[in-house]
Amino acid sequence: MDSYNEQLLQEALEQAQTEDFSRTLLIIAHRLSTIRSCDLICVLDRGHIMESGIHTEMTRERGVYY
298 MDSYNEQLLQ EALEQAQTED FSRTLLIIAH RLSTIRSCDL ICVLDRGHIM
348 ESGIHTEMTR ERGVYY
C-alpha cells in the first residue's frame, strides 16, 4: 500500500475508534504503524498468542513483538 492510502486507512481506523467506544475493531496488520495506537495488540504465531499488550509495553520488553 502506498503512503497516501496508508494515511487514509489510518485516519479511518482512528475515526472508527473514537466514534463509538463500544465498538470492537479487529485489525490484522503487518505494519507497526497501523497498530501502534490500539488498546490491545496480540502477536500470533501459527495460531497461538505469543504476546499481548500495548505498543510501549511490548517494545520495552523486547520480546517477539519487538
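Letter by letter, the sequence shown follows residues 298 to 363 in the working numbering. We put the CB at the ideal spot given by N, CA and C, even for glycine. None of these values were measured; they are calculated from a predicted model.
Just to confirm the assignment, what range does the beta strand (DSSP E) spanning Leu341 have? Ile338 to Asp342
Between the Cα of Val361 and those of Thr353, Phe318 and Met347, spot the shortest distance and give me the residue it belongs to. Met347
Where DSSP assigns a beta bridge to Ile346, which residues make up the other side? Leu341
Going by DSSP, what residue range makes up the alpha helix (DSSP H) through Ile369? Missing from the structure shown is residue 369; the chain here goes from 298 to 363 and no further.
To the nearest angstrom, how far is the alpha carbon of Arg328 from that of Asp317? 24 Å
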